[in-house]
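There are 2 protein chains.
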Amino acid sequence: MLAKEAMSIDKASTALKLMGDKTRLTMLRILADHDCCVCEFVEIFQMSQPSVSQHVRKMKDIGMIKEQRKGQWIVYSLNDSFEGYDMIHSILEQLPAQDHHLKQLIEKGKRVSCN
Amino acid sequence: MLAKEAMSIDKASTALKLMGDKTRLTMLRILADHDCCVCEFVEIFQMSQPSVSQHVRKMKDIGMIKEQRKGQWIVYSLNDSFEGYDMIHSILEQLPAQDHHLKQLIEKGKRVSCN
DNA sequence: TTAGTATATAGGCATATGCTTATATGCGCA
DNA sequence: TGCGCATATAAGCATATGCCTATATACTAA
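From first to last, the protein sequence lines are chains A and B. Take 7 as the starting number for the first sequence in the working numbering and just add one per residue. Take 7 as the starting number for the second sequence in the working numbering and just add one per residue.
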């Protein structure tokens, strides 16, 4: 088994910068456990839909998350083929789970993605 | 042995934001192996002394690094009592060592800290 | 005390960031 | 086709960030 290739400082700093925003970091922590769509994040963060879309777009642009259309919705998930996936995952697993957000979403009947 | 307490999203995002800057991330990666003073960073990054001081200050302000005066110099090092130390360390160990910077510093006769 | 070196702080400036509202695009269904 | 919901994009604005130069402070050693 080959040694794991170290991520460049350049790419790591780009990923970490995105993770340095509280909203995005929470999104990622949620995605570590459950796939989500934009409208769910809008509900969770009580933030405008364009704001959520922009956060999601930044993470998608560098390959940190990936999208999959499911009918009317576009479901986002962590991209395990991302070069920095191991690093990201090791960070997220040190953060508290955000299940309460999902729970509230379900209680409000706003949960969309079902996988 | 107690389970490790998870770091809050809030504190983690603050730390990650600082690590999202390429200069600071490189500084931290260097500090993971060698203590350094401001004037060494000035030499390494070819950046003005106030810029270096400001980067260092931000990291010191949240407790990520600590300082120790040694005569004329103030030597900075990773603060292993920092709440997020484990997370930071696990990130840094996934990044390539920056020994070439230290090597060049020594070659130029600009290495200061000797510990 | 005075000069020299190291570091910190203040102030200014250009650019980046995160949010908003307005509008466009894409898909599902009657 | 046309309406409704989901998402994306555009434009604008306030604040944050990172750099610089100028200057202040702190320590060493002559």
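Just so you know, even glycine gets a beta-carbon here, dropped at the ideal spot from N, CA and C.
Within the model, the alpha-carbon separation for Gly-90 of chain A versus Gly-115 of chain B is close to 36 Å.
Residue pairing by DSSP places Glu-73 of chain B opposite B:Tyr-82 in a beta bridge. DSSP places Ala-21 of chain A inside the alpha helix (DSSP H), whose first and last residues are 15-25. Under a 10 Å Cβ-count criterion, His-61 of chain A is classified as buried, with 16 or more other Cβ atoms of the shown protein chains found around its own Cβ.
The beta carbon of Ala-38 of chain A sits no closer than 8 Å to any beta carbon of chain B. For Ile-112 of chain B, the number of other beta carbons within 10 angstroms of its own is below 16, and it is reported as exposed. For Val-62 of chain A, the uninterrupted alpha helix (DSSP H) run begins and ends at 55-67, by DSSP. As a beta-bridge residue in DSSP terms, Cys-42 of chain A pairs with A:Tyr-82. In the assembly as shown, Ala-12 of chain B is an exposed residue. Its beta-carbon has fewer than 16 other beta-carbons within 10 Å. Here Lys-109 of chain A is exposed: its Cβ has fewer than 16 other Cβ atoms, across all protein chains shown, within 10 Å. Of all residues in the stretch 82-101 of chain B, the ones placed with a Cβ closer than 8 Å to any Cβ belonging to chain A are Asp-92, Met-93, Ser-96, Ile-97, Gln-100 and Leu-101, in chain order.
DSSP places Arg-117 of chain A outside both helix and strand once states are collapsed to three, so it counts as coil.
Between the alpha carbons of Met-65 of chain A and Val-58 of chain A lies a distance of about 11 Å. Under the DSSP assignment, Leu-34 of chain A falls in the alpha helix (DSSP H) whose first and last residues are 28-37. Per DSSP, reduced to three states, the secondary structure at Ser-87 of chain A is coil, with no helix or strand assignment. For Met-65 of chain A, no CB of chain B lies under 8 Å from its own CB, so it is not counted at the interface with that chain. When secondary structure is reduced to three states using DSSP, Glu-49 of chain A falls in the helix class. Collapsing the DSSP output to three states places Leu-111 of chain A in a helix.
A direct Cα-Cα distance of roughly 50 Å separates Cys-45 of chain A from Cys-45 of chain B. Listed along chain B, the residues sitting closer than 8 Å to Arg-35 of chain A by beta-carbon distance are Ile-15. Three or more Cβ pairs closer than 8 Å define a contact, and the stretch 26-36 of chain A meets that threshold against the stretch 18-25 of chain B.
Using a 10 angstroms sphere on the CB of Ser-19 of chain A, the tally of other CB atoms reaches 16 or more, which defines it as buried.
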